[in-house]
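Sequential numbering of the sequence shown, starting at 966, is according to the working numbering.
Even for Gly, the Cβ is constructed at its ideal location relative to N, Cα and C.
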Amino acid sequence: MGTEGTGDAPAHRGRRASHALDTLAVHSGDAPDLNAGAVVPPIYQTTTFRFPAEFSEAREKGEVHLYTRHRNPSQSRAAEAIATLEGAEAGRVFSSGMAALSSVFFSLLRAGDEVVALEDLYGNTFSLLRELSERWHLSVRWVRAEESASVDQIVTPKTRLLLLESPTNPTLRVHDLDRWARAAAAVGAPLVVDNTFATPVNQRPLAHGATLVMHSATKYLGGHSDVIAGALVGSSAMLEGMDTMFHSLGGSLDPFAAFLLSRGIKTVGLRVHRQNETGRAVAEELARHPRVGRVCYPGSASAEEERIAARQMSGRGGMVSIVLQGGAPAAHRFMHALTLVQPASSLGGVESLASVPAETSHRQLTPEERQRRGIDDGMVRLSFGIEDPADLLADLREALRKT
Ligand SMILES: *Cc1c(COP(=O)(O)O)cnc(C)c1O
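Structure (structure tokens):
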């Protein structure tokens, strides 16, 4: 499923670990093509590979490519880039964010295990864990946002996995990664952080003690709404230990999708810097708007969350959720009045999108479950692209006038 490096090519001579993230984003995973010298490595659109003459020796060293469900140089290139950006030793790429996450559950959990997870998770992550907890008799301790600061009192010696997202979807609440990492370390369990919303440009959870970082690379890493992909980064030893299960589950990334992902990653720095600026400008302006009841933006929920965000994030990202005065009908009028921002689910692309979480990403939850997480029916989640911030603000103002 793509270990770091392509095995047969030397590391890029021009790249150093000391380079800034924007530089690494352009050059990571770009081992030179020894045959033609192509600046962009070819797409290894092949399912299988010829056995080398020294087969068993190469296999011992883990250098041999056998079959694309296991490993392919196009996958390795994308995986290496994401690992480099997150400051990880190694990475793997998957056919979706959910494939990455379900592969983690299958690799690390056994029947009867205890899991400690933030209640505020991506809708499908929550429903998958809830479904598996029934099938595998897991005991899942759901941590409510208000209990996050005392997670050290929720873990037990039986805890086998901790799972956290920060900032959360769609309420953009911020949780203390160091605190969760200390709680995990105290009971010897791995902490898995879904870093999709923050991206490695704004937050690197491994530096705060996380064990594994997961991405829906469909979002900001791919960045162009044209590829579904997932990623997992962490230590080489840990990922190698999980590889057999990854290969058996079969959620590997298609080589062409891996190429698109690698192409997207090159501009993640530029894109996210712009998205950070737009997100801040919109959050500040809409917080004062009479038709907006509440603005959700990383750090806006409380002074404590602002302190945590300032400590662990270098930028706040391009996601802003707003709760409209007037509930669901107002949200619908607003969505249809937008002209530049398009009504669609998903996020993290170059084009701005808006969705109503109660009807899209969180429709699997009961009304009570949504209420507890602060997901009002009149909430609109905005994912800003890279359009000019003034044009986006004008579109939002005009649509708000019509709600
Ligand atoms: C989209 C998303 C996922 C799921 O990823 P897919 O690539 O759609 O499978 C998981 N977590 C978060 C935070 C997401 O936004």
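- Taking a cut-off of 8 Å on C-beta distances, the stretch 1263-1281 does not touch the stretch 1291-1302, as fewer than three cross pairs fall below it.
- Distance from the CA of Arg1337 to the CA of Pro1155, rounded to the nearest whole angstrom, comes to 27 Å.
- Among the bridge pairs identified by DSSP, Ile1340 is matched with none.
- Within the model, the alpha-carbon separation for Ala1053 versus Glu1096 is close to 31 Å.
- In terms of Cα proximity to Glu1084, the closest of Glu1334, Leu1357 and Leu1358 is Glu1334.
- Between the beta-carbon of Ser1217 and that of Ser1060 there is about 6 Å, and that keeps the pair under the 8 Å contact cut.
- With contacts defined as CB atoms closer than 8 Å, Thr1136 and Ser1286 qualify as a contacting pair.
- In the structure shown, Met1278 falls within a coil segment according to DSSP collapsed to helix, strand and coil.
- When the five nearest sequence neighbours on each side are left out, the beta carbons in the same chain lying within less than 6 Å of the beta carbon of Arg1236 are those of Gly1188 and Ile1351, in order along the chain.
- Between Leu1186 and Ser1068, the gap from beta carbon to beta carbon reaches 8 Å or more.
- Counting the other Cβ atoms within 10 Å of the Cβ of Arg1253 gives fewer than 16, which makes it exposed.
- Within the model, the alpha-carbon separation for Ala1046 versus Asp987 is close to 12 Å.
- Residue environment analysis places Ser1279 among the exposed positions, since fewer than 16 neighbouring C-beta atoms fall within 10 angstroms of its C-beta.
- Counting only the Cα atoms, Arg1366 lies some 44 Å from Leu1171.
- The alpha-carbon of Phe1224 is positioned some 28 Å away from that of Pro1308.
- Here Glu1111 is exposed, its C-beta having fewer than 16 other C-beta atoms within 10 Å.
- In this structure His1035 is in contact with His1212, their Cβ atoms being roughly 5 Å apart against a cut-off of 8 Å.
- In the DSSP assignment, Met1179 forms a beta bridge with Asp1159 and Leu1197.
- When only Cα atoms are considered, Ser1072 and Thr1033 end up about 20 Å apart.
- By the Cβ-count criterion, Val1004 is exposed, with fewer than 16 other Cβ atoms from all chains shown falling within 10 Å of its own Cβ.
- Straight-line spacing of the CA atoms in Glu1242 and Asn1134 works out to 19 Å.
- It is roughly 43 Å from the alpha-carbon of Leu999 to the alpha-carbon of Leu1127.
- Contact between Val1247 and Phe1349 is confirmed by a C-beta separation of about 7 Å, below the 8 Å threshold.
- Counting along the chain, Trp1107 sits inside the beta strand (DSSP E) bounded by residues Ser1104 to Val1108.
- When the beta-carbon positions are compared, Ser1317 and Leu1289 stay at least 8 Å from each other.
- When Arg1138, Gly1088, Val1166 and Pro1122 are compared, the shortest CA-CA separation from Ala1048 is found for Val1166.
- Relative to ligand 1, the nearest heavy atom lies less than 7 Å away from the CB of Ser1181.
- Thr1243 carries a helical assignment under DSSP once its states are collapsed to helix, strand and coil.
- Residues Val1081, Val1108, Leu1127, Arg1144, Trp1145 and Ala1148 of the same chain have their beta carbon placed closer than 8 Å to that of Val1116, with the five preceding and five following residues left out of the count.
- The alpha helix (DSSP H) runs lying completely inside the stretch 995-1078 and spanning 4 residues or more are 1020-1025, 1038-1051 and 1062-1073, given in chain order.
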